[in-house]
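Read top to bottom, the protein sequences are chains A and B. Just so we're aligned: 39 in UniProt numbering is position 39 of the first sequence, and the numbers increase by one with no gaps anywhere. Just so we're aligned: 260 in UniProt numbering is position 260 of the second sequence, and the numbers increase by one with no gaps anywhere. All C-beta atoms in this analysis are idealised placements derived from N, C-alpha and C, irrespective of residue type, glycine included.
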Amino acid sequence: MQETGFTPAHIVRLYDRFEALDKEKTGLLRPQDFGAINGLAMNPIGDRIIGAFFSPGQETVDFHSFVRILAHFRPEDKKRPKDPSMPEPVNSRTSKIKFAFQLYDQDKDGKISRAELLQVLRSMLEMQVTEEQLESIADRTIQEADLDKDDAISFEEFRKSLEKVNIDHKMSIRFLR
Amino acid sequence: MACRTCLWLLGTAFFTCTVRLVVEGTEVGAPQGSHPEPGVVGSNHSQAGGGHGSSISGIQIVTFKWHHVEAPYLIALWILVAGVSKMVVELNHSLTSVIPESALLILIGWILGGIIYGAGKMQTFTLTPTVFFFYLLPQVILDAGYFMPNKLFFSNMGAILVYAVIGTCWNAATVGLGLWGCWLGGAMGDIDIGLLQFLLFGSLIAAVDPVAVIAVFEEVHVNEVLFIMVFGESLLNDGVTVVLFNVFDAFVSLGGAEIDAVEIIKGIISFFVVAFGGSLVGIIFALLISLLTRCTKNIQIIEPGFIFILGYLSYLTAEMLSLSAILSIVFCGICCQKYINANMDECSVTTVRYVMKVFANGSETIIFVFLGISAIDPAIWVWNTGFILLTLLFIFVFRFIGVFLLTWILNKYRLVPLEFIDQVVMSYGGLRGAVAYGLVAMLDENKFKEKNLMVSTTLIVVYFTVMLQGITMKPLVTWLKVKRAAVTELTLAEKIQNRTFDHMLVAIEDISGQIGHNYMRDKWHNFEERWLCWLLMKPSARKSRDYIFNIFHQLNLKDAMSYVKEGERRGSLAFVRNETKADVDFNKKFRASFSEIMPDIMADNMGPDHVPLSSILQDIVPSVCLDMHEQDLEMRESEDFNAHHLLQQHLYRGRKQHRHRYSRSHLETNKDENEVQEIFQRTMRSRLESFKSAKMGVAPAKKIQTKHQKKDKPQKMPNGNSTDKSKNHPYGDKDLEFSEGDCGSGGEAAGDLFPMRAYGVEAGIVNPAFMAEMDPMDNMQQMQQIPHVALLPQTLNSFDP
Numbered sequence: 001m002q003e004t005g006f007t008p009a010h011i012v013r014l015y016d017r018f019e020a021l022d023k024e025k026t027g028l029l030r031p032q033d034f035g036a037i038n039g040l041a042m043n044p045i046g047d048r049i050i051g052a053f054f055s056p057g058q059e060t061v062d063f064h065s066f067v068r069i070l071a072h073f074r075p076e077d078k079k080r081p082k083d084p085s086m087p088e089p090v091n092s093r094t095s096k097i098k099f100a101f102q103l104y105d106q107d108k109d110g111k112i113s114r115a116e117l118l119q120v121l122r123s124m125l126e127m128q129v130t131e132e133q134l135e136s137i138a139d140r141t142i143q144e145a146d147l148d149k150d151d152a153i154s155f156e157e158f159r160k161s162l163e164k165v166n167i168d169h170k171m172s173i174r175f176l177r
Numbered sequence: 001m002a003c004r005t006c007l008w009l010l011g012t013a014f015f016t017c018t019v020r021l022v023v024e025g026t027e028v029g030a031p032q033g034s035h036p037e038p039g040v041v042g043s044n045h046s047q048a049g050g051g052h053g054s055s056i057s058g059i060q061i062v063t064f065k066w067h068h069v070e071a072p073y074l075i076a077l078w079i080l081v082a083g084v085s086k087m088v089v090e091l092n093h094s095l096t097s098v099i100p101e102s103a104l105l106i107l108i109g110w111i112l113g114g115i116i117y118g119a120g121k122m123q124t125f126t127l128t129p130t131v132f133f134f135y136l137l138p139q140v141i142l143d144a145g146y147f148m149p150n151k152l153f154f155s156n157m158g159a160i161l162v163y164a165v166i167g168t169c170w171n172a173a174t175v176g177l178g179l180w181g182c183w184l185g186g187a188m189g190d191i192d193i194g195l196l197q198f199l200l201f202g203s204l205i206a207a208v209d210p211v212a213v214i215a216v217f218e219e220v221h222v223n224e225v226l227f228i229m230v231f232g233e234s235l236l237n238d239g240v241t242v243v244l245f246n247v248f249d250a251f252v253s254l255g256g257a258e259i260d261a262v263e264i265i266k267g268i269i270s271f272f273v274v275a276f277g278g279s280l281v282g283i284i285f286a287l288l289i290s291l292l293t294r295c296t297k298n299i300q301i302i303e304p305g306f307i308f309i310l311g312y313l314s315y316l317t318a319e320m321l322s323l324s325a326i327l328s329i330v331f332c333g334i335c336c337q338k339y340i341n342a343n344m345d346e347c348s349v350t351t352v353r354y355v356m357k358v359f360a361n362g363s364e365t366i367i368f369v370f371l372g373i374s375a376i377d378p379a380i381w382v383w384n385t386g387f388i389l390l391t392l393l394f395i396f397v398f399r400f401i402g403v404f405l406l407t408w409i410l411n412k413y414r415l416v417p418l419e420f421i422d423q424v425v426m427s428y429g430g431l432r433g434a435v436a437y438g439l440v441a442m443l444d445e446n447k448f449k450e451k452n453l454m455v456s457t458t459l460i461v462v463y464f465t466v467m468l469q470g471i472t473m474k475p476l477v478t479w480l481k482v483k484r485a486a487v488t489e490l491t492l493a494e495k496i497q498n499r500t501f502d503h504m505l506v507a508i509e510d511i512s513g514q515i516g517h518n519y520m521r522d523k524w525h526n527f528e529e530r531w532l533c534w535l536l537m538k539p540s541a542r543k544s545r546d547y548i549f550n551i552f553h554q555l556n557l558k559d560a561m562s563y564v565k566e567g568e569r570r571g572s573l574a575f576v577r578n579e580t581k582a583d584v585d586f587n588k589k590f591r592a593s594f595s596e597i598m599p600d601i602m603a604d605n606m607g608p609d610h611v612p613l614s615s616i617l618q619d620i621v622p623s624v625c626l627d628m629h630e631q632d633l634e635m636r637e638s639e640d641f642n643a644h645h646l647l648q649q650h651l652y653r654g655r656k657q658h659r660h661r662y663s664r665s666h667l668e669t670n671k672d673e674n675e676v677q678e679i680f681q682r683t684m685r686s687r688l689e690s691f692k693s694a695k696m697g698v699a700p701a702k703k704i705q706t707k708h709q710k711k712d713k714p715q716k717m718p719n720g721n722s723t724d725k726s727k728n729h730p731y732g733d734k735d736l737e738f739s740e741g742d743c744g745s746g747g748e749a750a751g752d753l754f755p756m757r758a759y760g761v762e763a764g765i766v767n768p769a770f771m772a773e774m775d776p777m778d779n780m781q782q783m784q785q786i787p788h789v790a791l792l793p794q795t796l797n798s799f800d801p
């Protein structure tokens, strides 16, 4: 598990968790196993997160992929030498932003369209917000972030809009260090 | 307006004091105790000693029978004064956010003490050990135990114990020895004291005080792990303190010569006996309470009374057996929370919670006020610069050293290391308080010639820690957390994204199971489910506990089922399109079952995923939203403003770090309950809808072959799922029909993985859907499967919501 950067102790712990989630002991996780985690039902984007674990076309998640996805949330290794020949580690800033991007971009066309943004907004805003309000928010958001005026947010634009945000802080879970 | 009220209140406070003093002043040469005046006719002048009526000149219409009511009157008056002081303190909120309440209360105590002193009545009102230990402390500790976040507490138990036991011993030893060394070196001048007395003093001054810690940490928001460490330590170190105090007290009595290895070993053994014995007493009383509340179905009005009485009894019993009383009452509170919350009527639970807070708050206020008053007593003041300053220095420095040392050791074994900032806060937050004062006041003057010196020093230490450290704690914490986001206006995208990140983190935390599973925990959970719940909880409570989550899905599925049946009956798609009929009225149904579980809200459940909804909701409810510091925007353009404003108002707040904030003065009523409900309903609704979409695909495909040709590929159900459940339900044939074969998608893009997955899950759904008619009580196992099954991921390409 070198590429994820987890320590053996962590891997063991994650494996225990994987096994606990895998109620039927098939060695693979299915959406309903995730669904059983009750906290996720309370999360506005819980279902999207569940979806992120499954690669397109896959119905199950094996341990390797499970760990890989979780590795995105490891805090960054500050001391990592910047070696351009090595592939980008999973928990680098870029990879984290990419993960976040993919949550929005469900159809994987590399852009967050207005419709996709609307969906996310809808799920994160209270019920009392009306459609027009939603649309105006979405419009303004795209206006702010969209630099090439194609009415969608590409990955680069997305990344640019987050350049002031401390991604490492916002997208890391300490105990996965 | 506030000024006037303030002055008015201060005036009242002074007035009550003067009244009392005047009243006191009228007892000229009266005996100290209050003797009830004999008979109806009394006289103003106290000739109470005789107990016979004095000669009267005529019938007195109204008499002033002060001594008749003296004792209770004074007590009530003092409680009133304490309450009024608290009101005065709370008047100005900006003041209390800078200076913690406890410090202000001590200040008021000084003022009051000054008044009393000025009126010539010193020493009448001090914080005596008896009053403190028997009447003021138990409620505070019971409150701490009852509201303790169990999961957090027990998962950090190892670290807490290390700090409590080893840390306190370290503090005691170093302070004692340090002072002894300095005394030998002559820094303190000539005082009549010895090594053992120093060690005793060290042991009583070493303990971190729970009352003071809570009072200060209420204002300072720290993360929950840090909080539970300090809090837990302050509660559990009583075991050590009691033992050390008694041991050294006995040693001092014995004299230095008698101490040999046997005595020391006895001391060590007594530690274990005291600590575990105390906890055991507490646990026994917790069992008693739970059993009692189990049987009080018919007389619910007296339930709260039991809690308090038995809690108090556990304290006294432990005290009687010379075990650790604080440990006893803490464990009593910790262990009984869950069961009594489940067993008791909702009103009783609210009563208990609220009254406990009232008592704890009241006690704490009285304690601090009296700590202030007790200072204004010249008789006790002995000033020895060396002793006092060195004590202050040593407790401060050695606390830091101790914490850092222990943390360094602990971090080798912890998966989540404690950071530098945490350690600093933990060291700085080691406040001493009234317990130390109570202990020192209990010392025997004959054995301890320098008792007054010790009392003075203890008071100064308490004031120093509570006031100085209390006041500077918050700025220190803020200063340490230097890295703050630049105070610029965030763009919409950033705001949305920030919130998304928060939700994401929370979700990932849940998925990765921050609290790891381990063998012991699971074993305990199983044991508890099987035996303890059976023994200690009312049968009805047991049932509702387990099935709350499932009730919801039962409702879900009942509706889904009825919907399908309708579809089958009508046999047309036109019906299927009309969603409104089959729509579940979440609000009504959810609220109904939700209100039943209200008592459960605070019930905490140790264990992994199959936790009942109640405790989930308790977990979920975010208590503090951190990012409320968003800047108010200037109006750039009205549109823009609206968008930001909308976001600020209506974005769902995620769960934050502080969900387990323990607060002395605030009951955690679920402020964001509505939000949680709403999110939950929406998630369920969307899952239900995708389920319906599955049904919509399946039902027509099966029954109405003609009408609908779904294009998508048939999905193979994971066999494990279907065969499992098909075994035990009556509608075998129908089940099989549905479980294999075509599942249409909503006609959406095949590339979208969600519908596919939805149908993968569907097979499982069908069976329980039909089984929903069976008595849910019968198959717990099956019903527990329901959460998996009905929780379909949201179909993003939503078809006509």
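Cβ-based burial, Ala164 of chain B [other Cβ within 10 Å; buried from 16] = Here the question's residue 164 of chain B lines up with position 164 in the second sequence. Flag for Ala164 of chain B reads buried.
Over the uninterrupted alpha helix (DSSP H) stretch that includes Ser76 of chain B, give me the two end residues.
-> As a position in the second sequence, residue 76 of chain B is number 76, starting the count at 1. Strictly speaking, residue 76 of chain B in this sequence is Ala, with Ser absent from that position. Looking at the DSSP string, the run of the alpha helix (DSSP H) that includes Ala76 of chain B is Trp66 to Glu90.
Ser95 of chain A: contacting residues in chain B (beta-carbon distance under 7 Å) = Position 95 of the first sequence, counted from the start, is the residue given in the question as residue 95 of chain A. Listed along chain B is no residue with a C-beta nearer than 7 Å to that of Ser95 of chain A; the closest approach is about 14 Å.
To the nearest angstrom, report how far apart Glu494 of chain B and Asp146 of chain A are at their CA atoms.
-> Within the second sequence, residue 494 of chain B is the residue found at index 494, counting from 1. Within the first sequence, residue 146 of chain A is the residue found at index 146, counting from 1. Our two residues, Glu494 of chain B and Asp146 of chain A, have alpha carbons roughly 13 Å apart in a direct line.
Do you know offhand how far Met171 of chain A's Cα is from Val208 of chain B's?
-> As a first step, residue 171 of chain A is located in the first sequence; it is residue number 171 there, counting from the start. As a first step, residue 208 of chain B is located in the second sequence; it is residue number 208 there, counting from the start. Linking Met171 of chain A to Val208 of chain B through their CA atoms gives a straight-line distance of about 36 Å.
Give the residues from the stretch 328 to 361 of chain B that approach chain A closer than 7 Å (Cβ to any Cβ), ordered along the chain.
-> The stretch 328 to 361 of chain B vs chain A, Cβ under 7 Å: nothing.
Consider the Cβ of Val440 of chain B: report whether some Cβ of chain A lies at a distance smaller than 9 Å.
-> Taking the second sequence and counting its residues from 1, the one referred to as residue 440 of chain B is at position 440. In terms of beta-carbon proximity, Val440 of chain B stays away from the interface with chain A, with every pair separated by 9 Å or more.
What is the DSSP secondary structure of Ala152 of chain A, reduced to helix, strand or coil?
-> For the purposes of this step, residue 152 of chain A is taken as the residue at position 152 of the first sequence. Secondary structure of Ala152 of chain A (DSSP, three-state): strand.
Cβ-heavy atom distance, Ser456 of chain B to the ligand NAD, below 8 Å = Looking at this structure, you won't find the ligand NAD or any other ligand, since it has none at all.
Going along the chain, which residues of its own chain have a beta-carbon closer than 8 Å to the beta-carbon of Glu157 of chain A, five neighbours each way excluded?
-> On the first sequence, residue 157 of chain A is found 157 positions in, with the first residue counted as 1. Excluding sequence neighbours, Glu157 of chain A sits near Ala145, Asp146, Leu147 and Asp148.
Mark Leu453 of chain B as exposed unless 16 or more other C-beta atoms lie within 10 angstroms of its C-beta, in which case mark it buried.
-> For the purposes of this step, residue 453 of chain B is taken as the residue at position 453 of the second sequence. In summary, Leu453 of chain B is buried, with 16 or more beta-carbon neighbours lying within 10 Å of its beta-carbon over all protein chains present.
What are the partner residues of Val369 of chain B, as DSSP defines its beta bridges?
-> The count along the second sequence starts at 1 and reaches residue 369 of chain B at position 369. Val369 of chain B is not bridged by DSSP to any residue.
Return no unless some Cβ of chain B is closer than 9 Å to the Cβ of Pro44 of chain A.
-> Translated into positions along the first sequence, residue 44 of chain A becomes position 44. Yes, its Cβ sits closer than 9 Å to a Cβ of chain B.
CA-CA distance, Val455 of chain B and Leu439 of chain B?
-> Working through the second sequence from its first residue, we reach residue 455 of chain B at position 455. Working through the second sequence from its first residue, we reach residue 439 of chain B at position 439. About 9 Å.
Beta-ladder partner(s) of Leu651 of chain B, from DSSP | Here residue 651 of chain B corresponds to residue number 651 of the second sequence, with the count starting at 1. Partner(s): A:Leu125.
Pull up the distance between the alpha-carbon of Arg13 of chain A and that of Asp377 of chain B, whole angstroms please.
-> Locating residue 13 of chain A in the first sequence gives position 13, where the first residue counts as 1. Locating residue 377 of chain B in the second sequence gives position 377, where the first residue counts as 1. Arg13 of chain A and Asp377 of chain B have their C-alpha atoms roughly 59 Å apart.
Name the residue from A:Phe73, A:Ala20 and A:Asp22 whose alpha carbon lies nearest to the alpha carbon of Pro89 of chain A.
-> Residue 89 of chain A sits at position 89 when you count from the first residue of the first sequence. Residue A:Phe73 is the option with its Cα nearest to Pro89 of chain A.
Determine, using beta-carbon pairs with one atom in the stretch 304 to 324 of chain B and one in the stretch 268 to 281 of chain B, whether at least three such pairs fall under 8 Å.
-> The stretch 304 to 324 of chain B makes contact with the stretch 268 to 281 of chain B; the number of CB pairs closer than 8 Å reaches 3 or more.
contact_flag[the stretch 359 to 376 of chain B, the stretch 125 to 143 of chain B] where n(CB pairs < 8 Å) is 3 or more = Here the stretch 359 to 376 of chain B lies against the stretch 125 to 143 of chain B, with 3 or more beta-carbon pairs under 8 Å apart.
What do you get for Ile268 of chain B, buried or exposed, if any count of 16 or more other CB atoms within 10 angstroms of its CB means buried?
-> Counting from one through the second sequence, the residue named residue 268 of chain B turns up at place 268. When all chains shown are included, Ile268 of chain B counts as exposed.
DSSP on Leu29 of chain A, reduced to helix/strand/coil?
-> Position 29 of the first sequence holds residue 29 of chain A. The three-state secondary structure of Leu29 of chain A, taken from DSSP, is strand.
Look up Val61 of chain A in the DSSP assignment and give the residues it is bridged to.
-> Within the first sequence, numbered from 1, the residue matching residue 61 of chain A stands at position 61. Beta-bridge partners assigned by DSSP to Val61 of chain A: A:Leu29.
How would you label Phe594 of chain B, buried or exposed, when you count the other beta carbons within 10 angstroms and need 16 or more for buried?
-> For the purposes of this step, residue 594 of chain B is taken as the residue at position 594 of the second sequence. In this prediction, Phe594 of chain B has a pLDDT of 41, which is less than 50 and means its spatial position is unreliable; nothing more can be read from the coordinates.
Is the stretch 95 to 110 of chain B touching the stretch 326 to 341 of chain B in the sense that three or more CB pairs, one from each, lie closer than 8 Å?
-> No contact exists between the stretch 326 to 341 of chain B and the stretch 95 to 110 of chain B.
From this set, B:Glu689, B:Arg682 and B:Arg432, which residue's C-alpha is nearest Ala172 of chain B's C-alpha?
-> Within the second sequence, residue 172 of chain B is the residue found at index 172, counting from 1. Per the Cα distances, B:Arg432.
Is Ala261 of chain B close to chain A, meaning its C-beta is less than 9 Å from at least one C-beta of that chain?
-> As a position in the second sequence, residue 261 of chain B is number 261, starting the count at 1. Chain A has no Cβ within less than 9 Å of the Cβ of Ala261 of chain B.
Answer yes or no: do Gly83 of chain B and Thr365 of chain B have a C-beta to C-beta separation smaller than 9 Å?
-> The residue you call residue 83 of chain B lines up with position 83 of the second sequence. The residue you call residue 365 of chain B lines up with position 365 of the second sequence. Result yes, Cβ atoms of Gly83 of chain B and Thr365 of chain B sit closer than 9 Å.
Please name the residue or residues paired with Lys111 of chain A in a DSSP beta bridge.
-> Counting from one through the first sequence, the residue named residue 111 of chain A turns up at place 111. Residue pairing of Lys111 of chain A in beta bridges, as defined by DSSP: A:Ser154.
Can you tell which of B:Ile508, B:Glu529 and B:Ser693 has its C-alpha closest to the C-alpha of Asn38 of chain A?
-> Stepping through the first sequence from its first residue, residue 38 of chain A is reached at position 38. Per the Cα distances, B:Ile508.
With a CB to CB cut of under 6 Å and the five nearest residues on each side skipped, what residues in its chain are close to Leu40 of chain A?
-> Position 40 of the first sequence, counted from the start, is the residue given in the question as residue 40 of chain A. Closer than 6 Å at Cβ, skipping near neighbours: Gly46.
Round the Cβ separation of Leu226 of chain B and Met426 of chain B to the nearest angstrom and send it over; I've been treating them as touching at under 8 Å.
-> The residue given as residue 226 of chain B occupies position 226 in the second sequence. The residue given as residue 426 of chain B occupies position 426 in the second sequence. Going by Cβ atoms, the distance from Leu226 of chain B to Met426 of chain B rounds to 7 Å, so yes, they are a contact pair.
In chain order, what residues of the same chain have a beta carbon less than 6 Å from the beta carbon of Leu112 of chain B, not counting five sequence neighbours either side?
-> As a first step, residue 112 of chain B must be located in the second sequence, where it is residue number 112. Same-chain partners within the cutoff: Ile373.
Mind checking His10 of chain A: buried by the 16 CB within 10 Å criterion, or exposed?
-> Start at 1 with the first residue of the first sequence, and residue 10 of chain A comes out as number 10. By the C-beta density criterion, His10 of chain A is buried, having at least 16 other C-beta atoms within 10 angstroms.
Could you say which of B:Ile496, B:Leu292, B:Ser512 and B:Val240 lies nearest to Val273 of chain B if we only look at CA atoms?
-> If you number the second sequence from 1, residue 273 of chain B lands on position 273. For the set B:Ile496, B:Leu292, B:Ser512 and B:Val240, the Cα lying nearest the Cα of Val273 of chain B is the one of B:Val240.
For the stretch 288 to 303 of chain B against the stretch 331 to 351 of chain B, are there 3 or more C-beta pairs whose distance is under 8 Å?
-> Contact between the stretch 288 to 303 of chain B and the stretch 331 to 351 of chain B is present, because at least three Cβ pairs lie under 8 Å.
Starting from Tyr135 of chain B, follow the alpha helix (DSSP H) in both directions and report where the run begins and ends.
-> On the second sequence, position 135 is the one that residue 135 of chain B refers to. That residue, Tyr135 of chain B, is in no alpha helix (DSSP H); it is neither H nor E in DSSP.
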